[in-house]
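Beneath this line is the structure, given in structure tokens, with notes to follow.
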Amino acid sequence: MTLNKIEQNIALVVDDDPDSLTMVSSALEESGMTVIVARDGQTAIDLVGRIDPDVILMDALMPHMDGFEACRRLKQQPHSTNAPIVFMTGLTEADDVVRGLTAGGVDYITKPVVVDELIARIGIHIVNSKLIQSARDALDVSGRSLLAFDRRGRLVWGSKKALAAFQATNPEYEKLREWLMTCASKPVSQLSPLLMNGIEFLYVGLSSSDEILVKFKQPSHETSEQILARLLSLTSRESEVLYWLTMGKTNRDISTILGLSPRTVNKHLEQIFQKMGVDNRTSAAVAADRILHSPH
């Protein structure tokens, strides 16, 4: 069986404490999850822009950017991850719990972490998140990929294809906000589509909760290697090596296919692991496979 068929949940663990990072990562890996790690908030944001995790475990106290701020940014454009964010921290005051939930977290676990409790809670949040996302994915399958904005022009939710397309536009927010305000005030028949970076956005109508609904027309497709290179900031050769890794090929196979020495393949893999925030080929392959099977 090739790695393309392996279905695993991906957890992003964000913590500047090496001991805590190692303990939580090991426990999650033993439970069958693929783990990506980040030592600070900005690295976590960069990784989420490349890899779509199923859950994010976030330490609250970190240098430069604390977990609360990282969470806020991950729940806003241009990141806007659907992954549930669970805080795990030594802060125990009620105000800290409120800060975490207000920032966009779904749960708050105090340290020292009880591993069995952590895994149980993560499982519940992943299931709930996937149920919501499945309903939104159904929109993609039916050809009705949607984005929903509030009356201030802020993105509320979207199906995977719509979110990916929106992020790819590098949107001009002021222009978008003006168009959305026009959408909310005029009949559909009087509105023109919005074109940003080759993607056409069309107003659908208002939802029952007064959200402005928008659908889009997708741009042309890229090759798998081009997708990996773009989303993971890889060189063209690194993306080729990673692509064949997702196909279940060994280093020797890859060296033969690409006409490289095994040592060169190893060097490329070292750079790939570093850019992806993983430490082994299985984690790299699973994360890359997730990217290739997600909307872009």
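Plus 15 on top of the position in the sequence shown (first one is 1) and you've got our numbering. Where is the CB? At the ideal position from N, CA and C, for every residue including glycine. Here the structure is a predicted model, which is why all the values come from computation and not from measurement.
When we look at the beta-carbon of S35 and count the other beta-carbons within 10 Å, is it buried (16 or more) or exposed?
By the 16-neighbour rule on beta-carbons within 10 angstroms, S35 is buried.
Is the Cβ-Cβ distance between M291 and R65 less than 9 Å?
yes
For the pair the stretch 247 to 264 and the stretch 275 to 287, tell me if three or more CB-CB distances fall below 8 Å.
yes
May I ask which residues mark the beginning and end of the beta strand (DSSP E) holding T49?
49 to 53
In three-state DSSP terms, what is K190?
helix
Helix or strand or just coil, what does DSSP make of E22?
Here E22 scores only 43 on pLDDT, less than 50, and its place in the model is too uncertain to base an answer on.
Is the stretch 40 to 52 touching the stretch 79 to 92 in the sense that three or more CB pairs, one from each, lie closer than 8 Å?
no
Pop quiz: S160 and S144 are said to be a contact at Cβ under 8 Å. What is the actual Cβ separation, rounded to whole angstroms?
With a Cβ gap of about 19 Å, S160 and S144 do not count as contacting.
Determine the direct distance from the alpha carbon of K90 to that of N97, and round the result to whole angstroms.
Spanning the two alpha carbons is a distance of roughly 8 Å.
What does the alpha-carbon distance come out to for the pair D32 and R54?
8 Å
Taking three-plus beta-carbon pairs below 8 Å as touching, is the stretch 124 to 135 in contact with the stretch 189 to 204?
no
L210 and V229: beta carbons closer than 9 Å?
no
If I follow the unbroken alpha helix (DSSP H) through V219, where does it start and stop?
Element bounds for V219: not the alpha helix (DSSP H) but the beta strand (DSSP E), 214 to 221.
Quick test of your reading: G115 and A75, contact by CB under 8 Å. State the CB separation rounded to the nearest angstrom.
Their Cβ separation, rounded to whole angstroms, is 7 Å, which keeps G115 and A75 in contact under 8 Å.
Quick one, which of M103, A42, D69, A244 has its alpha-carbon nearest D30's?
The shortest C-alpha separation from D30 is found at M103.
Distance, L146 Cα to M257 Cα:
Reading off the sequence shown, one finds Leu at residue 257, where the question assumed Met. About 30 Å.
State buried or exposed for V142, treating a residue as buried only when at least 16 other CB atoms are found within 10 Å of its CB.
exposed
Leaving aside the five residues before and after D122 along the sequence, list all residues of the same chain whose C-beta is less than 8 Å from its C-beta, in chain order.
P99, V101, F102, R136, H140
Using the DSSP secondary-structure output, state which residues sit across from G173 in a beta bridge.
L162
At which residue ranges does the stretch 267 to 310 contain complete alpha helix (DSSP H) runs of 4 or more residues, listed in the order of the chain?
277 to 291, 296 to 307
Name, in chain order, the residues that DSSP records as bridge partners for T125.
T104
Reduced DSSP category for L206 - H, G, I as helix; E, B as strand; rest coil
coil
Paired residues, beta bridge with F231 - DSSP
F216
How many Å lie between Q182 and A26 at the Cα?
22 Å
Would you identify the three-state DSSP class for M38, choosing helix, strand or coil?
Helix at M38.
By DSSP, does T80 sit in helix, in strand, or in coil?
According to the sequence displayed, residue 80 carries Met and not Thr. M80 falls in the coil class under three-state DSSP.
In whole angstroms, what separates the C-alpha of L62 from that of L247?
8 Å
CB contact flag (M80, Q57, <9 Å):
Yes; because the gap between Cβ atoms is below 9 Å, this pair is in contact.
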